[in-house]
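Each protein sequence line maps, in turn, to chains A and B.
Residue numbers for the first sequence follow this note's numbering, beginning at 230 and rising by one.
Residue numbers for the second sequence follow this note's numbering, beginning at 348 and rising by one.
Note that beta-carbon positions come from the ideal geometry of N, C-alpha and C, so glycine has one too.
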Amino acid sequence: SQKIEQNSEALNIQEGKTATLTCNYTNYSPAYLQWYRQDPGRGPVFLLLIRENEKEKRKERLKVTFDTTLKQSLFHITASQPADSATYLCALATTGNTPLVFGKGTRLSVIA
Amino acid sequence: GAVVSQHPSWVICKSGTSVKIECRSLDFQATTMFWYRQFPKQSLMLMATSNEGSKATYEQGVEKDKFLINHASLTLSTLTVTSAHPEDSSFYICSASFRDRGRHGYTFGSGTRLTVV
């Protein structure tokens, strides 16, 4: 069956360090992979999208990598801040109009 | 651009009553809307996909007679939880896919916290 796994339920890091979150998937051939941020009691907010033919994408302090051989994406937040504390969700879609399938998320806490 | 407005943000209802949740696309036409449910510390689980003007497609295990979805226009989709029970208490989120000047993506409503007492 298709599965998306995010490596840890919770991650605590010190302010200023780089947070690295992992997303692994099996039995999928995604056209693209997305990362979202979700704050408590709110809907997900889009952060970054990376396509199957792209290795890396950056946006300000965020970086995403996508390895279709390993079936893995890494999400990095550099120079992390307490305001980055949230749950980060990995999501896959096989085509442009199919529903996103989400991982369980990793709850990141950045400690000042 | 590509904003979806979801209402209400929270609702408390009595067991046995029905609750309607609305999602409106404000600045684009949402031909396809997705409805998700999220339990605490769990992932978003897809409930159904609705296309404007046609019947919704429900995921396995989701009762279509209990969770009524209407997508009668390109800017409005509704989810009605009928005869709600405490186990229906959850966080419901709508999402729409959009295309804008060659850019494609998904946008999400802010969610509805349903508590059935």
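Same chain only: Cβ atoms within 8 Å of residue i, ignoring 5 sequence neighbours per side
{"i": "A/I340", "result": "N241, I242, Q243, E244 and P311"}
{"i": "B/T429", "result": "S365, D412, K413, F414 and L415"}
{"i": "B/S436", "result": "L461, T462 and V463"}
Proximal residues of chain A, C-beta to C-beta of residue i below 9 Å
{"i": "B/R460", "result": "G270"}
Paired residues, beta bridge with residue i - DSSP
{"i": "B/V463", "result": "B/C360"}
{"i": "B/S457", "result": "None, per the DSSP bridge assignment."}
{"i": "A/R287", "result": "A/K292"}
{"i": "B/H451", "result": "B/R446"}
{"i": "A/A320", "result": "A/Q263 and A/F331"}
{"i": "B/Y383", "result": "B/L393 and B/I440"}
{"i": "A/F304", "result": "A/L250 and A/V293"}
Environment of residue i [buried if 16+ CB atoms lie within 10 Å]
{"i": "B/Q389", "result": "exposed"}
{"i": "B/V464", "result": "exposed"}
{"i": "B/P387", "result": "exposed"}
{"i": "B/W357", "result": "exposed"}
{"i": "A/T247", "result": "exposed"}
{"i": "B/A384", "result": "In the sequence on display, residue 384 of chain B carries Arg and not Ala. B/R384 comes out buried."}
Closer than 8 Å to chain B by CB, residue i
{"i": "A/L321", "result": "no"}
{"i": "A/L337", "result": "no"}
{"i": "A/F331", "result": "yes"}
{"i": "A/G334", "result": "yes"}
Interface residues of chain A facing residue i [CB-CB closer than 8 Å]
{"i": "B/I440", "result": "G272 and P273"}
{"i": "B/T396", "result": "P328"}
Minimum Cβ-Cβ distance from residue i to chain A less than 8 Å
{"i": "B/Y453", "result": "yes"}
{"i": "B/F445", "result": "no"}
{"i": "B/Q389", "result": "yes"}
{"i": "B/S457", "result": "yes"}
{"i": "B/L415", "result": "no"}
{"i": "B/L393", "result": "yes"}
Contact set for residue i: own chain, Cβ-Cβ below 6 Å, skip 5 residues either direction
{"i": "B/A403", "result": "A395, S397 and I416"}
{"i": "A/L250", "result": "F304, Y317 and T335"}
{"i": "B/S444", "result": "T379 and Y453"}
{"i": "B/S424", "result": "C370, M380, S397 and H418"}
Interface partners of residue i on chain B, CB under 7 Å
{"i": "A/N326", "result": "T379 and S444"}
Contact list for residue i against chain B, beta-carbon separation under 8 Å
{"i": "A/G278", "result": "A small fix is needed here, since residue 278 of chain A is Leu in this sequence, not Gly. Residues of chain B passing the Cβ test: G452."}
Residues near residue i by beta carbon distance below 7 Å, same chain, minus five either side
{"i": "B/E406", "result": "L393, M394 and A395"}
Heavy atom of the ligand HEM within 7 Å of residue i beta-carbon
{"i": "B/T429", "result": "What this structure holds is no ligand at all, so the ligand HEM is not there to describe."}
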